[in-house]
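*Asks:* Going by our numbering, the sequence shown opens with residue 1, and the numbers climb by one from there. C-beta: ideal position from N, C-alpha, C; glycine also. None of these values were measured; they are calculated from a predicted model.
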Amino acid sequence: MTHRILILALILSCFNLSCKENRDKTDTNNLEDSKMDSPKNEAELERRTVKNDSFPDLGPSFSPDGSKIAFYSYINSEWNVSRIYLMNSDGTEVRELTKKDTLGFHTEPIWSPDGRRIAYTSFLEEGARMMTIDRNGDNLKKLVSVSENGFHMFSSWDPAGDGYYFFHWPAGEGFRPDAYHAMGDKITRLSTDGITNRPQVAANGTLYLSKIIDLEKNLYSKHILDRNSGKVTDVPNLEGWFIVENHVIKQKDHDEGTTFILEDLEGNDIRELGTVPYRSVMFGKTDPEVNYVAYNTSFDDGSEIHLLEVASGKLIKLTQNE
Numbered sequence: 001m002t003h004r005i006l007i008l009a010l011i012l013s014c015f016n017l018s019c020k021e022n023r024d025k026t027d028t029n030n031l032e033d034s035k036m037d038s039p040k041n042e043a044e045l046e047r048r049t050v051k052n053d054s055f056p057d058l059g060p061s062f063s064p065d066g067s068k069i070a071f072y073s074y075i076n077s078e079w080n081v082s083r084i085y086l087m088n089s090d091g092t093e094v095r096e097l098t099k100k101d102t103l104g105f106h107t108e109p110i111w112s113p114d115g116r117r118i119a120y121t122s123f124l125e126e127g128a129r130m131m132t133i134d135r136n137g138d139n140l141k142k143l144v145s146v147s148e149n150g151f152h153m154f155s156s157w158d159p160a161g162d163g164y165y166f167f168h169w170p171a172g173e174g175f176r177p178d179a180y181h182a183m184g185d186k187i188t189r190l191s192t193d194g195i196t197n198r199p200q201v202a203a204n205g206t207l208y209l210s211k212i213i214d215l216e217k218n219l220y221s222k223h224i225l226d227r228n229s230g231k232v233t234d235v236p237n238l239e240g241w242f243i244v245e246n247h248v249i250k251q252k253d254h255d256e257g258t259t260f261i262l263e264d265l266e267g268n269d270i271r272e273l274g275t276v277p278y279r280s281v282m283f284g285k286t287d288p289e290v291n292y293v294a295y296n297t298s299f300d301d302g303s304e305i306h307l308l309e310v311a312s313g314k315l316i317k318l319t320q321n322e
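Here it is, written out as structure tokens:
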């Protein structure tokens, strides 16, 4: 396993997304041809496969208008190279977005607020850089760097889209991240403790941070940072990871699979969105209108991208890996 893949595994472990645990698998072949029981209803797994190969597809992210999904996919059998792809949210017209960026392992696409650009992180042997590209595949740009050969991971755009947040850790020092903000070439450091990562901004402008409690046990705390005063406020009840507008979804594993729960940014449960018949799903996110939940099945279950239609409970398979 290459150095950059080890780093990716470390980042994934931050979100309790480990693929190394032995878990009960669901027979997906039976699911495709029959009905699945969920606590609320029966839902059919509808296949709208746009990408059918043996390589994992990860990190689905809805565009601001909900019409597109960006994701990243491994492109070789060694699993050491990946690229960013786009598809319509109904699973049609898949295309590779980052053809012009031939270096690195591309991961976690994040849409700009206006939907015109996509930022992503590219892991290299000598570190990780942040990139942006227009949604048509043009105008590829490298973003700021804190240190040569350091690891930089894009995390969130400003609400207006003119600046962005990221976290960085120096090469050779293990995973000791700190949060930063960039506006043009100006970089502002937001933490110095070596445990702060995932700065994310809600639609209302509130800045959220995650801090490592115990890396080996995947324990983290959530906080709000007031950039004007420097005050840090704990948010102990917030469980979800990926902020969309002013909410997150949290995931609860149980014997029947995983239940998605809509959560406000104070950590209060709003409502259940539905249940899928897979455990240890990854990268669960809603579209802005909360009509769908996009998620990955685990590596054990093929790392496919599926949609849960909230209103009906229907499951839609967008990619298939065999």
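Would you report the Cα separation of G174 and D193, rounded to the nearest angstrom?
*Replies:* Cα atoms of G174 and D193: separation of roughly 14 Å, rounded to the nearest angstrom.
*Asks:* With a cut-off of 8 Å on the beta carbons, I'd call N296 and L58 a contact; round off their distance for me.
*Replies:* 6 Å
*Asks:* With H, G and I counted as helix, E and B as strand and the rest as coil, what does DSSP make of D162?
*Replies:* coil
*Asks:* Using only alpha-carbon positions, find the residue among V146, G137, R129 and A202 that is nearest to H161.
*Replies:* The identity of residue 161 in the sequence shown is Gly, whereas the question assumes His. The shortest C-alpha separation from G161 is found at A202.
*Asks:* Just checking my contact of G127 with G150 at CB under 8 Å: how many whole Å lie between their CB atoms?
*Replies:* 5 Å
*Asks:* In the structure shown, what three-state DSSP assignment does I243 receive?
*Replies:* coil
*Asks:* Would you list, in sequence order, the uninterrupted beta strand (DSSP E) runs of no fewer than 3 residues that lie entirely inside the segment 151-197?
*Replies:* 151-157, 164-169, 178-183 and 186-189
*Asks:* Buried or exposed: which applies to L327, given that a residue is buried once 16 or more other Cβ atoms fall within 10 Å of its Cβ?
*Replies:* Past the edges of the chain, shown from 1 to 322, lies residue 327, and the structure says nothing about it.
*Asks:* Measure how close the beta-carbons of E272 and E239 come, nearest whole angstrom, since I'm counting them as under 8 Å.
*Replies:* Not quite, the Cβ-Cβ distance comes to about 14 Å (not below 8 Å), so this is no contact.
*Asks:* For R83, which residues of its own chain have a beta-carbon under 6 Å away from its beta-carbon, when the five flanking residues on both sides are left out?
*Replies:* I75, E96, T98 and H106
*Asks:* Short of 8 Å in beta carbon distance, which residues of its chain neighbour E245, apart from the five on each side in sequence? Order them along the chain.
*Replies:* A202, A203 and P288
*Asks:* Between the alpha carbons of V232 and W169, how many angstroms are there, rounded?
*Replies:* 21 Å
*Asks:* Got a sec, what are the start and stop residues for the beta strand (DSSP E) S82 sits in?
*Replies:* S82 to N88
*Asks:* Per the DSSP calculation, Y220 is bridged to which residue(s)?
*Replies:* I212
*Asks:* Taking C-alpha atoms, which residue in E148, S145, L124 and Y120 lies nearest to G137?
*Replies:* Checked all of E148, S145, L124 and Y120; the closest Cα to G137 is Y120.
*Asks:* Using the three-state DSSP reduction, which class does S122 fall into: helix, strand or coil?
*Replies:* DSSP places S122 within a strand segment (E or B) once states are collapsed to three.
*Asks:* Return the residue from the list K250, N268 and L265 that minimises the CA-CA distance to T275.
*Replies:* K250
*Asks:* For T206, which residues from the same chain have a beta carbon less than 8 Å from its beta carbon, with the 5 sequence-adjacent residues on both sides left out?
*Replies:* Hits under 8 Å: I224 and L265.
*Asks:* Once you ignore the five residues that flank R189 on each side, which residues in its own chain have a CB closer than 7 Å to its CB?
*Replies:* Excluding residues up to 5 positions away in sequence, D178 and Y180 lie with their Cβ nearer than 7 Å to the Cβ of R189 in the same chain.
*Asks:* Which whole-angstrom value is the C-beta distance of E309 and K317, which I expect to be below 8 Å?
*Replies:* Actually they do not touch by this definition, with Cβ atoms about 12 Å apart.
*Asks:* Which first and last residues belong to the beta strand (DSSP E) in which P109 is found?
*Replies:* F105 to W111
*Asks:* With respect to the beta strand (DSSP E) encompassing S61, which residues constitute its N-terminal and C-terminal limits?
*Replies:* D57 to F62
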